[in-house]
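Here the structure comes first, spelled out in structure tokens, and everything after it is commentary.
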Amino acid sequence: MVNPLYIIIIALGAAFILPLIDRIGRRVSIILFYAALSAIFAISILWVFWLISGGSSITVNTAGFEPPFTIPLRMSYMEAWTLTFVNFGALLGAVFLLKEIRIHSSRLMAGYLALFLGINGMVMTRDVFNLFVFMEITLISSYALIALKRNSRSLSAGLKYMFAGGLSSALYLIGTIYLYRVHGTLSIDHIAESGTEYFVSGSVAVFLLAVAILIELKPFPANGWGLDVYQSADSGISAVIAIGIPAGMLFALNKILPMADQGLLMAIIILGAVSFVASNFLGLRQTDTRRLLGYSSAAHIGLVFSTMAAMEYMGERGPMFFYIVGGLFASHLFAKGGLFWLAGTIGIWKIEDYKRREIKPVFKFMMAAFFFALIGLPPFPGFWDRWYLLTRFASEGYFLLILAILAGTLFEAVYLLRWLGCVKTSESDDATSWSMALRIVPIWLFLGTLVAGGIFIPFNQAWVSDFIFYPLIAGGLIYALRDLSSKLRSYLVMFTIVAAGIYVWPQLHGLTEIFGVIFIAGGLICGTTVVGSENRHPGYFAVWAVLL
Numbered sequence: 357m358v359n360p361l362y363i364i365i366i367a368l369g370a371a372f373i374l375p376l377i378d379r380i381g382r383r384v385s386i387i388l389f390y391a392a393l394s395a396i397f398a399i400s401i402l403w404v405f406w407l408i409s410g411g412s413s414i415t416v417n418t419a420g421f422e423p424p425f426t427i428p429l430r431m432s433y434m435e436a437w438t439l440t441f442v443n444f445g446a447l448l449g450a451v452f453l454l455k456e457i458r459i460h461s462s463r464l465m466a467g468y469l470a471l472f473l474g475i476n477g478m479v480m481t482r483d484v485f486n487l488f489v490f491m492e493i494t495l496i497s498s499y500a501l502i503a504l505k506r507n508s509r510s511l512s513a514g515l516k517y518m519f520a521g522g523l524s525s526a527l528y529l530i531g532t533i534y535l536y537r538v539h540g541t542l543s544i545d546h547i548a549e550s551g552t553e554y555f556v557s558g559s560v561a562v563f564l565l566a567v568a569i570l571i572e573l574k575p576f577p578a579n580g581w582g583l584d585v586y587q588s589a590d591s592g593i594s595a596v597i598a599i600g601i602p603a604g605m606l607f608a609l610n611k612i613l614p615m616a617d618q619g620l621l622m623a624i625i626i627l628g629a630v631s632f633v634a635s636n637f638l639g640l641r642q643t644d645t646r647r648l649l650g651y652s653s654a655a656h657i658g659l660v661f662s663t664m665a666a667m668e669y670m671g672e673r674g675p676m677f678f679y680i681v682g683g684l685f686a687s688h689l690f691a692k693g694g695l696f697w698l699a700g701t702i703g704i705w706k707i708e709d710y711k712r713r714e715i716k717p718v719f720k721f722m723m724a725a726f727f728f729a730l731i732g733l734p735p736f737p738g739f740w741d742r743w744y745l746l747t748r749f750a751s752e753g754y755f756l757l758i759l760a761i762l763a764g765t766l767f768e769a770v771y772l773l774r775w776l777g778c779v780k781t782s783e784s785d786d787a788t789s790w791s792m793a794l795r796i797v798p799i800w801l802f803l804g805t806l807v808a809g810g811i812f813i814p815f816n817q818a819w820v821s822d823f824i825f826y827p828l829i830a831g832g833l834i835y836a837l838r839d840l841s842s843k844l845r846s847y848l849v850m851f852t853i854v855a856a857g858i859y860v861w862p863q864l865h866g867l868t869e870i871f872g873v874i875f876i877a878g879g880l881i882c883g884t885t886v887v888g889s890e891n892r893h894p895g896y897f898a899v900w901a902v903l904l
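Here you go:
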């Protein structure tokens, strides 16, 4: 099997040689750039197929030495899937940035490769200090990419990002020193096995490492500098920063969590939950689409690391941890990346301007699909993951976490659907330029990946009931009957609600029976508002059937 070390070698070698090749010819350097990204993605997906087919994971020690005199890199199931998602996004992001690559030449290409070199290294390394080195490579590359525009806003945002990164680096290094003093090793696996709860300095060290990583994840309220980056950088660069860097940082946090004590885990859970609710609440007041997406990004990252800490707290580190955390982050990665690209393609930065300017219907369709994925509606992965979390937290009695998830999701649904409601479409069938097509293809691929993930999870998890699909089937059937009169379809909606209530009622007991009464009766009451409605949109009654 291909040695995962080649990911580092290819990215590092290409980043160094690109400025020289660019002097020979811009076309040659661009071909080399895309070839390097394609090779990195190919290696990661080959490892996924290898592990799925029964192959074993591997830990590579560079230069033939043993730790701590080497860089240990691991490629297991979780690393392979994470790198596949990240490198897939890197390749498509580079396709989206082709126009900017031609303008900024080797500077953008070298910085881009260095950025994903650092992210890949953060995911694979098993050494605390090497993790710091890869974090620095990632952050320094991101500073350079943010400042490519060279205007006052992007330079100011890059400077704020640099200050936050400097604070993070200082805390991480101090934590690393204390950790080495306690354990005499920087191996993540050895430290996690020996534990830190019996050493005050060890607990402080892990706390400092966690705080350093959390700063880079931009949780509320320390996320203003991150929002400036999203608002000032190019939309393609903003997408990379919103999806690529959090992937590496979340995986780094995942390495630290087994070292954390119960108090630190609870603090991370609370911080993530507060960030999810508060960021989405503040998103209600935003009028700039890029800043709004920045608040949404901060909220979703908070939800992901809160879920990671909660599952660690509950002792759930098996395959379900990978499915739930991976599904939540994949929803963020593909939906948020697609929305940043879509916003950049449309070129409208104020929500109110969508009322005055028309866009193509296909753009509105993609926008709506990404919004539904972020909110957590089926058939997207976020629905199944939140469904599991709500039931799991209910069984453990974590009702405040349930309230936080529901409240944050409600706030996000309000501002995203309000944005969608402002969008006007044009029926004109203008020809799509080649450059526009190159930007649209990555967006379609991200959307297709989201749908595929939403289909994959329920068919491969026993905890997903077939009943969940029935509302979608009912909505599809009612939409198929859209040629019937509106009045007849409104009665079909009421019949669907009654039939669903009769089917579900015998399966309800205890607390679920109380909620069943509320939802079934509430559904019938809400359903009466559509009875006899005329001249409605063809999909109006189908949506009512699914929601009720």
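Here our numbering = 1-based position in the sequence shown + 356. Backbone N, C-alpha and C fix where the C-beta goes; we use that ideal spot for every residue, glycine too. The model shown is predicted, which means the values in this text are computed figures rather than measured ones.
Could you give the distance in angstroms between the alpha-carbon of residue i and the alpha-carbon of residue j?
| i | j | result |
| --- | --- | --- |
| Asp741 | Pro734 | 11 Å |
| Ser524 | Ile599 | 19 Å |
| Tyr468 | Gly700 | 18 Å |
| Ser413 | Ala608 | 19 Å |
| Val630 | Ile657 | 11 Å |
| Leu801 | Ala595 | 15 Å |
| Phe678 | Glu668 | 12 Å |
| Leu376 | Ser385 | 9 Å |
| Ala564 | Ile533 | Per the sequence presented here, residue 564 reads as Leu, with Ala not at that position. Using only the alpha carbons, I get a separation of about 11 Å. |
| Tyr710 | Arg647 | 16 Å |
| Leu835 | Pro428 | The amino acid occupying residue 835 in the given sequence is Tyr; Leu does not appear at that position. Each residue's Cα considered, the two are about 55 Å apart. |
| Arg713 | Ile704 | 8 Å |
| Val854 | Ile881 | 11 Å |
| Ala370 | Gly540 | 36 Å |
| Tyr554 | Gly420 | Any reading at Tyr554 must be qualified, since the residue scores a pLDDT of 48, below 50, and its modelled position is unreliable; the value itself is stated next. Rounded to the nearest angstrom, the two C-alpha atoms are 34 Å apart. |
| Gly521 | Ala568 | 9 Å |
| Gly514 | Gly683 | 30 Å |
| Ala856 | Leu833 | 15 Å |
| Ile707 | Ser588 | 17 Å |
Can you check which of these residues, the options, is closest to residue i by C-alpha distance?
| i | options | result |
| --- | --- | --- |
| Gly474 | Phe452, Val718, Ser497, Ser461 | Ser497 |
| Val718 | Gly831, Asp644, Thr781, Met480 | Thr781 |
| Arg537 | Ile597, Arg382, Val484 | Val484 |
| Pro602 | Leu659, Val562, Ala548 | Leu659 |
| Gly592 | Ile829, Ile702, Phe685, Ile569 | Ile702 |
| Leu757 | Leu627, Gln618, Leu613 | Leu627 |
| Gly732 | Ala470, Glu572, Ile680 | Ile680 |
| Met723 | Leu759, Leu773, Asn417, Ala666 | Leu773 |
| Asn476 | Ile399, Leu844, Gly650 | Ile399 |
| Ser652 | Ser662, Phe632, Met670 | Phe632 |
DSSP three-state call for residue i: helix, strand or coil?
| i | result |
| --- | --- |
| Leu542 | coil |
| Asn359 | coil |
| Ile427 | coil |
| Lys692 | helix |
| Ile715 | strand |
| Thr643 | coil |
| Phe721 | helix |
| Lys455 | helix |
| Asp483 | strand |
| Lys505 | helix |
| Lys611 | helix |
| Pro798 | helix |
| Lys574 | coil |
| Glu422 | coil |
| Glu768 | helix |
| Gly732 | coil |
| Tyr554 | The predicted position of Tyr554 is uncertain, since its pLDDT is 48 and thus under 50; no value can be drawn from it. |
| Ser841 | coil |
| Ser751 | helix |
| Arg673 | coil |
| Gly832 | helix |
| Ser594 | helix |
| Ser409 | coil |
| Asp584 | helix |
What residues match up with residue i in a beta bridge as DSSP calls it?
| i | result |
| --- | --- |
| Ile414 | Met431 |
| Thr781 | Ile715 |
| Lys706 | Asp644 |
Does the CB of residue i have a neighbour CB from chain B at under 8 Å?
| i | result |
| --- | --- |
| Ile569 | Among the protein chains of the structure shown there is no chain B, as only one such chain exists. |
Inset, instruction - Could you say if the stretch 449-469 and the stretch 386-406 meet the contact criterion of at least three C-beta pairs nearer than 8 Å? - result: yes
Inset, instruction - Would you check if there are 3 or more beta carbon pairs closer than 8 Å linking the stretch 399-411 to the stretch 432-442? - result: yes
Inset, instruction - Would you be able to state if there are at least three C-beta pairs under 8 Å between the stretch 629-643 and the stretch 756-767? - result: yes
Inset, instruction - Indicate whether the contact test is met: 3 or more Cβ pairs, each with one atom in the stretch 796-811 and one in the stretch 685-703, closer than 8 Å. - result: yes
Legend entry - the stretch 572-580 in contact with the stretch 453-462 per 3-pair CB rule at 8 Å: no
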